[in-house]
Amino acid sequence: MKKNNLLIAVLVVLVLLYVSTNYFKKNSSTTFDPEVVQLDTSAIAKLTIYPPAESAEEPIVISRSQNGWEVAQGKIKSQSNQAVVRSALGQLQDIKAQRLVAKTKDKWGHYELTDSLARKLEVQEKDGGKTTAIYFGKTSYEQAATPQYGRASMTGSTYFRINDRPETYSLKNQIASAFNRKFNAWRNSEFIKLKKEDIKEVKFESADQENFTLLKKDSLWTISGVKADSAQVARYLNLIRNQGSSEFADEFEPKGEALRTITVRGEDMKDVVVKAYGDLPGNKLFLNSSQHPNTFVESDSLGLFKRLFVDETHFKNSDN
């Protein structure tokens, strides 16, 4: 009888141990909410991206203005690429941790999350609202469990932490990559943008060639009263209506007159003037558009310069 009582007592203890162990597993601090940071992108006024301390780069500041987002680094301030900013904000809005990988600050160094190693993103809300700092550390890659199309595919996870909280989390690599861009990648690369149907006149001026004007009268394009090649005109107008460049030349200051000038005129539009400065034989040219008067971009003689600054023979009709 005593033996049976002992067995029953042992069984009760084992049952209680099992129940308590599972209870504490379910309610232990090892579980976490994947939404460890919640941000309302509509309330964000400024984003500041600090490179790792060992980098010589200055912080990139992206701030909201009445005309959209602006970006600055050091003394250089520019209109930002609105699509790039919106995409980064969208990923920031959906930031979710994959898992908790460490709970203490002493692990930061292993995941490159110390102040000297991490890339810091500081998010500041409007009207003096809260400021949230997100630190991105190293990225680790591993082969996917099921390779696609017979090829081994790699997946990446980036480690991050929030403010001064000790925990380290992992997240999908794409989110961290959105804020790991060079300054020029955040800038508006638009150089010239026009409505082709509004253009009525394109005047070409040169310091070393004869000037000429491409003129539309009714539906006919002419040069000095002579009909131009309609196909070539159409191709050129399609080209100049939208041109961009990210080859920014922030240190350039024009000295002397422009080597080439294009003036585009039309109905219900301001004149758009494009100028090219520099040394054509030296194959180094600097272009500026009146649509972005404070921005210069660099081009060789085969790039943007060649596309925009054509000569009169480019529009000659073979029948003339």
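Going by the numbering used here, the sequence shown opens with residue 45, and the numbers climb by one from there.
Heads up, the beta-carbon is just placed ideally off N, CA and C, and yes, glycines get one too.
Three-way DSSP call (helix, strand, coil) for residue i in this model
i, result
"residue 94", "strand"
"residue 148", "coil"
"residue 72", "With a pLDDT of 41 at residue 72, under the threshold of 50, the predicted position of this residue should be treated as unreliable, though the coordinate-derived value follows. Three-state result, residue 72: coil."
"residue 284", "helix"
"residue 157", "coil"
"residue 65", "Confidence at residue 65 is low in this model, with a pLDDT of 49, below 50, so its placement is unreliable and the value that follows should be read with caution. In this structure, residue 65 counts as helix in the three-state DSSP scheme."
"residue 275", "helix"
"residue 130", "helix"
Residue i and residue j closer than 7 Å at C-beta
i, j, result
"residue 327", "residue 344", "yes"
"residue 285", "residue 247", "no"
"residue 146", "residue 212", "yes"
"residue 230", "residue 124", "yes"
"residue 117", "residue 227", "yes"
"residue 310", "residue 243", "yes"
"residue 204", "residue 215", "yes"
"residue 265", "residue 272", "yes"
"residue 330", "residue 293", "yes"
"residue 89", "residue 168", "yes"
"residue 210", "residue 158", "no"
"residue 97", "residue 160", "yes"
"residue 277", "residue 359", "yes"
Neighbourhood of residue i by C-beta, 7 Å cutoff - its chain only, sequence neighbours within 5 removed
i, result
"residue 353", "304, 306 and 320"
"residue 233", "125, 288, 289 and 290"
"residue 217", "183, 200, 201 and 202"
Sequence-distant residues of its chain with Cβ nearer than 6 Å to residue i (five each side left out)
i, result
"residue 287", "235 and 236"
"residue 143", "214"
"residue 105", "92 and 116"
Rounded C-alpha distance that separates residue i from residue j
i, j, result
"residue 297", "residue 341", "11 Å"
"residue 81", "residue 163", "17 Å"
"residue 111", "residue 295", "25 Å"
"residue 220", "residue 141", "12 Å"
"residue 250", "residue 356", "11 Å"
"residue 254", "residue 318", "17 Å"
"residue 270", "residue 257", "11 Å"
"residue 282", "residue 245", "14 Å"
Per-residue burial, residue i [other beta carbons within 10 Å of its own, 16 or more giving buried]
i, result
"residue 114", "buried"
"residue 65", "For residue 65, the predicted structure reports a pLDDT of 49, less than 50, and the residue's modelled location is therefore unreliable. A value from the coordinates is still provided. With fewer than 16 other Cβ atoms within 10 Å, it is exposed."
"residue 322", "buried"
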